[in-house]
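Worksheet for the structure shown next.
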Amino acid sequence: MKTSIKTKNFFFAVIGLITLLFMSCSGDGKTSADDDQFDDGDNPITVAKPVLNSINTSGWIMMFEDNFDNFEPTKWTKNNSTKSRAARPGIGINQWFWKPENVSYRNGNLILKSEKVANDVLHCGGVFSNDLFEFKYGYIEAKIDIAETMFGTHTALWLQGDNMGNVDGTGNDGAEIDVFESAWVDNFTKSVVHIDGYGASHKANTRKYDTPGIHSGYHIYGLLWNENMLEVYYDGEFKTRYQGIWVPQVEEFLWLSTGASFGGTANFTSRSIGDFTEAKVDYIRVWRMD
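Below, the structure is given as structure tokens:
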């Protein structure tokens, strides 16, 4: 008799435990509090896709991204010039330097500040990924609100190879690839590929292209790079293409910067010391094109 009672008690205890577990897990259609910490249903992970109007990017894999919430030293180095960059006497800038303090972060943007610090001196901001992130072939995209060009500064997205100074008549061993440099006051910009260093053997290929609205708000700048070509895009639209000797076949690293303008139109001399302009970069991404 005692055994029968114990068996019944055990049976009802098991039934009760199963009922309790069922109610706690599914009675109100919700998971337990412990499970909620693993539940991404309210915040699904989205994979950013390139802004390209004429290319199927469904198989591409992102290999680098920065949304610029804060400085990440594993991705970037802040540039610090040890001597003046090339003077721009035509617009009143005889010395200009990249300074780490001209790089900051605000509202999810990388801020690159260009400031007049003396009558003929400009300080600018730049970050680069040398020895931190380098790659060969891919699609680069950056969303940028450029600095004011009439101030005497330009904004640039560019790449560089460690051995671009080797002279062999090609950019196979590396190049400076300027996706854009906003040095002009009209609605156009230019891309440039530099090869064989910056001395007597230097060669450059410059391409002008239209950029509607470039001086107002954010725009998306892109570069598609494979073994056969470099293609430049603006707001998802194809703009120009490089082939042959201009296409690097080695890893390159990224640059984002402002600098003294070479466009020839500015009112820098009339600005007060302490005046400044800023470029804002919302994001930069690089995809592998599998």
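Numbering (my numbering), first residue to last: 740 to 1029.
Idealized CB from N, CA, C, for every residue including glycine.
*If you follow the beta strand (DSSP E) that E1057 is part of, which residue opens it and which one closes it?*
There is no way to answer for residue 1057, as the model of the chain reaches only from 740 to 1029.
*Leaving out five residues before and five after D767 in sequence, what residues of the same chain have Cβ atoms less than 6 Å from its Cβ?*
Legend: pLDDT at D767 = 39, less than 50; position of this residue unreliable, value from coordinates given subsequently. Shown here for D767: not one same chain residue has a beta carbon closer than 6 Å to its own, the five before and five after excluded.
*For D949, I'd like the list of residues in its chain whose CB is within less than 6 Å of its CB, leaving aside the five on either flank, ordered along the chain.*
Within its own chain, the residues whose Cβ lies closer than 6 Å to the Cβ of D949, once the five positions on either side in sequence are excluded, are F927, listed in chain order.
*Would you say S868 and W815 are within 7 Å of each other, going by their C-beta atoms?*
Yes, the Cβ-Cβ distance between S868 and W815 is below 7 Å.
*Give, in chain order, every unbroken run of the beta strand (DSSP E) that is at least 3 residues long and sits entirely within the segment 963 to 1011.*
Listed in chain order, the complete beta strand (DSSP E) runs (minimum 3 residues) inside the segment 963 to 1011 are 968 to 973, 976 to 982, 991 to 999.
*Are the segment 800 to 809 and the segment 1004 to 1024 in contact at 8 Å, needing three or more beta carbon pairs?*
Inter-segment contact for the segment 800 to 809 and the segment 1004 to 1024 is present: three or more beta-carbon pairs are separated by less than 8 Å.
*CA-CA distance, G910 and K942?*
Each residue's Cα considered, the two are about 9 Å apart.
*Contacting residues, own chain, Cβ-Cβ under 8 Å from K947 (five flanking each side not counted)*: Cβ neighbours of K947 beyond the five flanking positions: F927, T928, K929.
*For the putative contact between G900 and G913, defined by C-beta atoms under 8 Å, what is the C-beta separation to the nearest angstrom?*
G900 to G913, Cβ: 2 Å. Contact.
*On the three-pair Cβ rule with 8 Å, is the segment 917 to 927 touching the segment 887 to 899?*
For the pair of segments examined, the segment 917 to 927 was found to touch the segment 887 to 899: the number of CB pairs separated by less than 8 Å reaches three.
_Same chain, Cβ closer than 6 Å to V790, five either side skipped, listed in chain order_ = Cβ neighbours of V790 beyond the five flanking positions: I959, G975.
*Does the distance from the CB of G1003 to the CB of G829 come in under 7 Å?*
The answer is yes: Cβ separation under 7 Å.
*Length of the line joining the Cα atoms of P875 and E991*: First, the residue type needs correcting, since residue 875 is Lys and not Pro in the sequence shown. If I take the Cα positions, the gap works out to 6 Å.
*Check whether K852 and F1015 have beta carbons under 7 Å apart*: Contact flag set, yes.
*Looking only at its own chain, which residues have a Cβ that is under 8 Å from the Cβ of S968, when we skip the five neighbours before and after it?*
Per the sequence presented here, residue 968 reads as Met, with Ser not at that position. The beta carbon of M968 is closer than 8 Å to those of R980, Y981, Q982, V986 in its chain, skipping five residues each way along the sequence.
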